[in-house]
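Q: What follows is a single structure, and I will ask about it in a moment.
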Amino acid sequence: MLKTEKSWVVLDSTITSKFGHRPPSTYYMKIQSLSQLKTLFSGTDGYKSRTFSSGKYNWKLVVYPKGNEKDNGTGFVSMYVELDSESASSTILAYLTFFIYNKKENKYFTIQDDEEKQFNALRPVHGFPQVLPLDTFNDPKNGYVFDGDDQCEFGVDVMVPLTNWEVVSNTQEYSNIKFYWTLEKFSELKEHCYVSNKNKILVGGRNWMLKLYPKGLNTTYSAWLSLFLHIADDETVKTGEETYVQCDMRILDPFGCDHLTKKINQRFGNSIPTWGWHKFVSLANLEKAYLDKQGSLEVEIQFKVVSSTKYS
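Laid out in structure tokens, this is it:
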């Protein structure tokens, strides 16, 4: 690195350094006694911060206040990031930006590599041996050490790409996708709730089921049939995942085309796994118009739009 007025010209084209107002967002460290730190950590040792997390992994900031002699850092402040050993079971990619606060300018000197670094068990440490010349850093006139010429502040941003991502798939033209569910001898049904488990409903990458309450969801709706669309009980839905559904739910008219249709236009997820109606149809109207000659009831669901958002 070659010295300029307030920055350093870096020979590697992927490495940039500059002054800016933005502080570090991942980890910040204030040194209250730089002289004591230099005494405790010689040119072959670096001070390791406490563990901090970024991108679901644990890291430590390592600072050599007298330079890392083993990494060609003599005459410079050296700074690194170390991946915690428990997080090093696989290769982790990260972008690094290091910060040194300048109180005189009230800005941060930053240095970063625009190329991502690969952290793993074989190489858990990445950083810069030559961050800032020691003669510049140690001179109180330059503003990096202050308040009695013995305090300084370091920081780092560790950005792990694709820590959280989502896949949104929009499926249109479901007009011909229909599922039928027949409940025989409806008037003789004794259970409180019936589930369409035998008729697997797979749409939009998720399994669905219908839940029907022949005498209402509870005593308040005992004169009604209650009907709901539900994410299947064995379906795994992560926090934040949603599936938007447009569909028609029907009780079919066995003697004509006067089907009873109600529309769902709803987002389903962990917080709302089910949607439907406590009062889909009155039992009196049901027995009058919607049971066939054998007393069977036929339910139909027709999907129109399904949009799934999944996270990883």
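So the sequence shown is residues 313 to 624, counted in this note's numbering. Ideal Cβ placement from N, Cα and C applies to all residues, glycine included.
Quick one: is residue 423 buried, meaning 16 or more other Cβ sit within 10 Å of its Cβ, or exposed?
A: Numbered from 1 along the sequence shown, position 111 holds the residue referred to as residue 423. Result: buried.
Q: Note down the Cα distance separating residue 384 from residue 443, rounded to an integer number of angstroms.
A: The residue you call residue 384 lines up with position 72 of the sequence shown. The residue you call residue 443 lines up with position 131 of the sequence shown. Spanning the two alpha carbons is a distance of roughly 11 Å.
Q: Which residues bound the beta strand (DSSP E) around residue 469?
A: As a first step, residue 469 is located in the sequence shown; it is residue number 157 there, counting from the start. Residues 464-471.
Q: Tell me where the beta strand (DSSP E) around residue 586 begins and ends.
A: Reading the sequence shown from its first residue, position 274 is the one you call residue 586. Note, residue 586: beta strand (DSSP E), 586-594.
Q: Pick helix, strand or coil for residue 600, following the three-state DSSP scheme.
A: The residue given as residue 600 occupies position 288 in the sequence shown. Three-state result, residue 600: helix.
Q: Are residue 398 and residue 374 closer than 8 Å when you measure CB to CB?
A: Along the sequence shown, read from residue 1 onward, the residue named residue 398 stands at position 86. Along the sequence shown, read from residue 1 onward, the residue named residue 374 stands at position 62. It is not a contact, given that the beta carbons lie outside the stated cut-off.
Q: When DSSP builds the beta bridges, which residues end up paired with residue 333?
A: Within the sequence shown, residue 333 is the residue found at index 21, counting from 1. Beta-bridge pairing links residue 333 to no other residue.
Q: According to DSSP, what are the bridge partners of residue 563?
A: In the sequence shown, residue 563 corresponds to position 251, counting from 1. According to DSSP, which records beta bridges pairwise, residue 563 is partnered with 572, 611.
Q: Go through its chain and collect everything with a Cβ distance to residue 386's Cβ below 6 Å, but skip five positions before and after it.
A: Indexing the sequence shown from 1 puts residue 386 at position 74. Only 379 meet the Cβ criterion.
Q: Count the C-beta pairs between the stretch 431-438 and the stretch 326-336 that are closer than 8 Å, then say yes if the count reaches three, no if not.
A: Because the criterion of three Cβ pairs below 8 Å is not met, the stretch 431-438 and the stretch 326-336 do not touch.
Q: Mark residue 584 as exposed unless 16 or more other C-beta atoms lie within 10 angstroms of its C-beta, in which case mark it buried.
A: Within the sequence shown, the letter at position 272 stands for residue 584. Residue 584 is exposed by the Cβ-count criterion.
Q: Suppose the cutoff is 6 Å on Cβ atoms and the five residues either side in sequence are ignored; what does the same chain contact list for residue 449 look like?
A: Sequence index remark: in the sequence shown, residue 449 carries index 137 (1-based). Closer than 6 Å at the Cβ level, and outside the excluded window around residue 449, lie 389, 456.
Q: Tell me residue 514's beta-bridge partners as DSSP assigns them.
A: Here residue 514 is taken as the residue at index 202 of the sequence shown, counted from 1. Residue 514 pairs with 519.
Q: With DSSP collapsed to three states, give me the class of residue 499.
A: Residue 499 sits at position 187 when you count from the first residue of the sequence shown. Residue 499: helix per DSSP, three-state reduction.
Q: May I ask you to report which of helix, strand or coil DSSP gives residue 545?
A: Stepping through the sequence shown from its first residue, residue 545 is reached at position 233. It is coil, neither helix nor strand.
Q: Please look up how many angstroms separate the CB atoms of residue 421 and residue 329, rounded, as I've assumed it's under 8 Å.
A: Here residue 421 is taken as the residue at index 109 of the sequence shown, counted from 1. Here residue 329 is taken as the residue at index 17 of the sequence shown, counted from 1. With 8 Å as the limit, residue 421 and residue 329 qualify as a contact, their Cβ atoms being about 7 Å apart.
Q: Assuming the contact rule is C-beta atoms closer than 8 Å, residue 521 and residue 508 should be a hit. Round their C-beta distance to whole Å, please.
A: Within the sequence shown, the letter at position 209 stands for residue 521. Within the sequence shown, the letter at position 196 stands for residue 508. Going by Cβ atoms, the distance from residue 521 to residue 508 rounds to 5 Å, so yes, they are a contact pair.
Q: Does DSSP classify residue 490 as helix, strand or coil?
A: Position 178 of the sequence shown, counting from 1, holds the residue named residue 490. Strand at residue 490.
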